[in-house]
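Following: one structure in structure tokens, then a few remarks.
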Amino acid sequence: MINDNDLKHLKRCIELARTALEAGDEPFGSILVSVHGKVLAEDHNHVAGGDHTQHPEFALARWAVKNMTEEERAKATVYTSGEHCPMCAAAHGWVGLGRIVYASSSEQLAQWLSEIGVAKSRVHNLPIHEVIRDTIVDGPVLELAEQVRKLHRQFYAKNT
Ligand SMILES: [Zn+2]
0 MINDNDLKHL KRCIELARTA LEAGDEPFGS ILVSVHGKVL AEDHNHVAGG
50 DHTQHPEFAL ARWAVKNMTE EERAKATVYT SGEHCPMCAA AHGWVGLGRI
100 VYASSSEQLA QWLSEIGVAK SRVHNLPIHE VIRDTIVDGP VLELAEQVRK
150 LHRQFYAKNT
């Protein structure tokens with residue numbers, strides 16, 4: 000179930016994705032929110048420099064290990080503009096973070112990129128549940144996914 004508070008956090012993720020796009024990077028943004036609803040950390044994609052492991056969800060997983068107890072991590076939520084890739088889902092699971100809420104799914108992204116004619120990435124688009132178990136996952140959100148789709152179209156319009 001996605002409530003108004005979740006939508007507010009997802010909108011921030013989309014703003015971060017837009018920031019990434021404006022910086023010449025792929026449009027993905029994510030935030031880490033505590034059990035009390037406090038935004039603890041934010042990040043967006045940093046793969047333009049050539050390191051394609053620099054995803055925001057991975058950065059947040061590492062931030063969480065350095066700055067939170069195991070119990071705090073288990074109760075925290077990661078919000079993200081696009082569903083975690085397998086690398087980030089695994090990192091999320093390894094560090095014991097809690098719920099995940101995404102605006103658009105990996106399946107949607109794969110479909111959008113195929114419509115634009117972008118070659119498939121070497122890493123499979125797997126749903127989070129095929130990578131990690133025992134995790135509450137909510138998404139996608141139709142109207143927000145549409146905004147994310149536009150950002151991806153803009154990215155590939157600029158970069159092809
Ligand atoms: Zn990732």
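For what it's worth, numbering that gives the first Met the number 0 labels the leading residue of the sequence shown as 0, then goes sequentially. Where a beta carbon is used, it is the ideal one built from N, C-alpha and C, also for glycine.
- Between Val-100 and Arg-11, what straight-line distance do the alpha-carbon atoms span, to the nearest angstrom? C-alpha separation (whole angstroms): 12 Å.
- Query: The beta strand (DSSP E) spanning Leu-96 covers which residue range?
  - Reply: First-last for Leu-96: undefined, no H or E at that position.
- Contacting residues, own chain, Cβ-Cβ under 6 Å from Ala-60 (five flanking each side not counted): Around Ala-60: Ala-90, His-91 and Val-94.
- Cα separation between Trp-111 and Met-67? Each residue's CA atom was taken as its position, placing Trp-111 and Met-67 some 36 Å apart.
- ligand 1 heavy atom lying under 7 Å from the CB of His-54: Indeed, a heavy atom of ligand 1 lies less than 7 Å from the Cβ.
- Query: Since Pro-85 contacts Val-117 with CB under 8 Å, what's their CB separation in whole angstroms?
  - Reply: Contact flag wrong, Cβ pair sits at about 18 Å.
- Query: Along the chain, which unbroken stretches of the beta strand (DSSP E) at least 3 residues long are found entirely within the region 6-49?
  - Reply: List check, beta strand (DSSP E) in window: 28-32 and 38-43.
- Query: Out of Gly-97, Ser-80 and Leu-96, which has the shortest C-alpha to C-alpha gap to Ser-104?
  - Reply: Closest by alpha carbon: Ser-80.
- Does the separation of the CB atoms of Glu-82 and Gly-28 fall below 8 Å? No, the pair does not count as a contact, with Cβ atoms beyond the cut-off.
- Item | Residues of its chain near Asp-5, where Cβ-Cβ distance is below 6 Å and the 5 sequence neighbours each way are ignored | Hits under 6 Å: Val-100.
- In its own chain, which residues sit with a C-beta less than 7 Å from the C-beta of His-128, not counting the 5 before and 5 after it? Excluding residues within five positions, the ones whose Cβ falls inside 7 Å are Val-136.
- Query: Going along the chain, which unbroken runs of the alpha helix (DSSP H) with 4 or more residues stay wholly within the region 60-112?
  - Reply: Secondary structure remark: continuous alpha helix (DSSP H) runs of at least 4 residues inside the region 60-112, in chain order: 69-74 and 85-93.
- Query: What is the C-beta distance between Leu-31 and Ala-75, in whole angstroms, given that I count them as a contact (C-beta under 8 Å)?
  - Reply: 6 Å between Cβ atoms; contact.
- What residue does the alpha helix (DSSP H) around Lys-149 start on, and which one ends it? Looking at the DSSP string, the run of the alpha helix (DSSP H) that includes Lys-149 is 141-158.
- Phe-154 CB to nearest heavy atom of ligand 1 below 7 Å: Not one heavy atom of ligand 1 sits closer than 7 Å to the Cβ of Phe-154.
- Message: Residues in the same chain with beta-carbon distance under 6 Å from Pro-126, minus the five sequence neighbours each way, listed in chain order, please.
- Response: Hits under 6 Å: none found.
- Message: Which of the three DSSP states is assigned to Val-117 in this structure?
- Response: DSSP places Val-117 in coil when its eight states are reduced to three.
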